[in-house]
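Residue numbers (our numbering), protein chains in the order written: chain F, 176 to 488; chain E, 12 to 361.
Right under this line is the structure:
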């Protein structure tokens, strides 16, 4: 792979592993995150997401395997990687005695910006993440969500080409989540690479172009992802005529045992999208008034649950 | 190189703002100034009572020791959690992913801790000037004592920052830093005293007293020599331990001023004399023959003569301290640098 190709890829991870003593946190991680896209990093607790993030952030050395960030290897060209990498950790630390503004100014200075540009950039970022009112308050008074915004701003100080966000949405209110989504999409639109780890899968569904699944330190292969996505999936159907709906479903070959009722909706397992289209057409043709007909869980969650199910025999 | 120093400067400024510049800190400095003022006034009154005409040297040395005491007591608290405290607060890793290098980070933290300890020295300057003007202390003595004091405070700051990078728990590294300071300040004294007392030699004293005297009181005839023996402690084997003591080291380094009889005029000189006397091996065979006209008074030496003919050990102490300080920082560097290959058990990068 040439340098320009790997730069286009943003993040390339090949066969990376890392153990802490006996504990193998990451065993075999392989994936590529393309520039200009948002990639989700999904996995259950303890699957090695944060360890993988730390290796990408040039803080941990992989035991084996190879990483390139914007074309540079973090273990060799550490400074080059750092100059084009923004990292928002899952741990919310801030210099408690410093104001929001000086935190960002100092971060800029640590990135070798001069005083004027650091101050200018700090003001821009305060506007960007919406911390104007708290700009001159010490960071110890910030709430969790506000610290989250500060942490995001700090990761953006040097306008990095690759952005790693570890659980960026936790603690944010719905409005801030929408802002985060807009911001992340805009950053990706500027041709940058964004890798987000999150537990809020529904939200990643709206933000991420693609996803990397990590379980027990191993990234899921394309085949197992496809298999998990192809599995039987619950769909929810809502109708003003509940009895008519159940009758029609029974007529379409779904026994009463297959149906579950949840909050006024009927849940039904379907094997594929084609099966879903056929069923919907049948129901509509049968005159059942349908107001909702949708997968019960998002694509990412479906894959995530499918992979977990596959993982536990 | 200058880019390196700019980075160090940013870290120093960040450390001072985040860690030090708090109300509690100013209160501490205020209390310190008040204490130094009280000590100065009381010493002036006390020494005036003895009719000392140049009490400046005594006051000056007392203030320097006071700054050394408080500095070595405060510096571990300020430096002993510089690195692992940041890790606990979640601010270390976010600093390490910037373009600041591990050495810039560690040196910046060390310099900030040192500057903080030196603030005590700065706060004592008015009293030092007063003491210097009071007379009795030379310019070289002032320069050397202030310089050695500054170095010693730097050594404690470096050991504190070093241990905070080596040990993962802040409370533990602060405690260990205090233990190192205690080992140097008190441990060396205890080792010296116990060592000297546990190794003893027998002195064989042969005495022969007069049995009859002439009319003028001169001894005429002496009895047969009698030999007695008694043990004496051998501090001369253990004086080397004291070179690593910061207080002894400071006293030993400062050029001593003597009065007309050859006695030191300040605290430094008296401590130096005590330490130098410990170098002298005891006389293990003494002979006293009254008829030969011996006197009990052995060859009298003035303190000045003793100091002049014994070995100064302070530079060895300084070298030991500098090796400790640099070693601690290098070890901390190797434990803190990223990308990290190995992590201490139970610790995490971020």
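Don't be surprised by glycine CBs; every beta carbon is placed ideally from N, CA and C. Quantities reported herein were computed from a predicted structural model and do not represent experimental measurements.
Inset, instruction - Return the first residue and the last residue of the alpha helix (DSSP H) that residue 302(F) is part of. - result: For residue 302(F), the enclosing alpha helix (DSSP H) covers residues 290 to 304.
Inset, instruction - Assign residue 369(F) to buried or exposed, taking buried as 16 or more other Cβ atoms, counted over all protein chains shown, within 10 Å of its Cβ. - result: The residue in question, residue 369(F), is buried, as its Cβ has 16 or more Cβ neighbours within 10 Å.
Inset, instruction - Taking C-beta pairs closer than 9 Å, name the residues in chain E that residue 260(F) reaches, listed in chain order. - result: Near residue 260(F) (Cβ distances below 9 Å), the residues of chain E are 108.
Legend entry - Pairwise C-alpha distance: residue 355(F) and residue 367(F): One C-alpha to the other measures close to 15 Å.
Inset, instruction - Quick one: give me the first and last residue of the beta strand (DSSP E) that residue 195(F) is part of. - result: 186 to 195 is the span of the beta strand (DSSP E), which, as asked, contains residue 195(F).
Legend entry - Which residues DSSP lists as bridging residue 468(F), in chain order: When DSSP reads this structure, residue 468(F) sits in a beta bridge with 412(F).
Inset, instruction - Could you check the C-alpha separation between residue 255(E) and residue 46(E) for me, to the nearest Å? - result: Approximately 27 Å, taken between the alpha carbons.
Inset, instruction - Within its chain, find whatever has a CB closer than 6 Å to the CB of residue 97(E); leave out the 5 residues flanking it on each side and keep chain order. - result: Non-local beta-carbon contacts of residue 97(E) in its own chain, meaning distances under 6 Å to residues more than five positions away in sequence, involve 103 in chain order.
Legend entry - Residue span of the beta strand (DSSP E) that contains residue 256(E), given as start and end: From DSSP, residue 256(E) is part of no beta strand (DSSP E); its letter is neither H nor E.
Legend entry - Test item: CB-CB of residue 213(E) and residue 242(E) under 8 Å: In contact: residue 213(E) and residue 242(E) (Cβ atoms closer than 8 Å).
Inset, instruction - Count the CB pairs spanning the region 215 to 223 of chain F and the region 377 to 396 of chain F that are closer than 8 Å, and state whether there are at least three. - result: Output reads yes: the region 377 to 396 of chain F touches the region 215 to 223 of chain F.
Inset, instruction - Taking only beta-carbon positions, decide if residue 284(F) is within less than 8 Å of chain E. - result: Among the residues facing chain E, residue 284(F) is included, as its CB has a counterpart in that chain under 8 Å away.
Legend entry - the region 221 to 249 of chain F: positions lying closer than 7 Å to chain E by Cβ: Listed in sequence order: 229, 232, 233, 234, 235, 236, 249.
Legend entry - Proximity of residue 322(E) and residue 117(E) at Cβ, strictly below 8 Å: It is not a contact, given that the beta carbons lie outside the stated cut-off.
Inset, instruction - Report yes if the CB atom of residue 203(F) is closer than 8 Å to the CB atom of residue 393(F), and no otherwise. - result: Yes, the Cβ-Cβ distance between residue 203(F) and residue 393(F) is below 8 Å.
Legend entry - Cutoff 8 Å: residue 194(F) Cβ touching any chain E Cβ: No, residue 194(F) does not count as interfacial toward chain E.
Inset, instruction - Give the residues of chain F in contact with residue 354(E), contact being defined as C-beta atoms less than 7 Å apart. - result: Within chain F, the residues near residue 354(E) are 195.
Legend entry - Contacts of residue 257(F) in chain E (Cβ-Cβ under 8 Å): Result: 108, 109, 110.
Legend entry - Beta-ladder partner(s) of residue 240(F), from DSSP: Residue 240(F) is not bridged to any residue.
Legend entry - is_contact[residue 127(E), chain F] using C-beta, thresh 8 Å: The beta-carbon of residue 127(E) is placed no less than 8 Å from the nearest beta-carbon of chain F.
Inset, instruction - Flag this pair as yes or no: are the beta carbons of residue 198(E) and residue 248(E) separated by less than 8 Å? - result: At least 8 Å separates the beta-carbon of residue 198(E) from that of residue 248(E).
Inset, instruction - Could you say which of 156(E), 135(E), 221(E) lies nearest to residue 264(E) if we only look at CA atoms? - result: Ranking 156(E), 135(E), 221(E) by Cα distance to residue 264(E) puts 156(E) first.
Inset, instruction - Can you give me, in chain order, the residues of the region 285 to 316 of chain F that have a beta carbon less than 7 Å from any beta carbon in chain E? - result: Taking 7 Å as the Cβ-Cβ cut-off, the region 285 to 316 of chain F approaches chain E at 285, 286, 287, given in chain order.
Legend entry - Other residues of its chain near residue 247(F): CB distance less than 7 Å, five sequence neighbours each side excluded: Closer than 7 Å at the Cβ level, and outside the excluded window around residue 247(F), lie 255, 256.
Inset, instruction - Determine contact between the region 429 to 446 of chain F and the region 226 to 242 of chain F, defined as no fewer than three beta-carbon pairs at a distance below 8 Å. - result: Touching, no.
Legend entry - Unbroken beta strand (DSSP E) run spanning residue 243(E), endpoints: Unbroken beta strand (DSSP E) run through residue 243(E): 237 to 244.
Inset, instruction - Look up residue 232(E) in the DSSP assignment and give the residues it is bridged to. - result: Assignment of beta-bridge partners to residue 232(E) by DSSP yields 223(E).
Inset, instruction - Could you tell me whether the region 333 to 350 of chain E touches the region 169 to 180 of chain E, where touching means 3 or more Cβ pairs closer than 8 Å? - result: Under the Cβ criterion (8 Å, minimum of three pairs), the region 333 to 350 of chain E counts as touching the region 169 to 180 of chain E.
Legend entry - Sub-8 Å separation of residue 236(E) and residue 217(E) beta-carbons: Closer than 8 Å, so yes.
Inset, instruction - Determine which residues share a DSSP beta bridge with residue 436(F) and list them. - result: Paired residues: 441(F).
Inset, instruction - List the endpoints of the continuous beta strand (DSSP E) containing residue 206(F). - result: Residues 198 to 208.
Inset, instruction - Please report how far the alpha carbon of residue 142(E) lies from the alpha carbon of residue 89(E), in whole angstroms. - result: Distance between the alpha carbons of residue 142(E) and residue 89(E): 29 Å.
Inset, instruction - Confirm, please, whether the CB-CB distance from residue 400(F) to residue 478(F) is below 8 Å. - result: With respect to residue 400(F), residue 478(F) sits close: the two C-beta atoms are nearer than 8 Å.
Inset, instruction - Could you tell me which chain F residues have their CB closer than 7 Å to the CB of residue 104(E), listed as they occur along the chain? - result: At a C-beta separation below 7 Å, residue 104(E) has these neighbours in chain F: 234, 264.
Legend entry - CA nearest to the CA of residue 221(F), picked from 389(F), 416(F), 446(F), 266(F): Closest option to residue 221(F), Cα to Cα, is 389(F).
Inset, instruction - Could you have a look at residue 247(F) and say whether DSSP puts it in helix, strand or coil? - result: The answer is strand: DSSP assigns residue 247(F) an E or B state.
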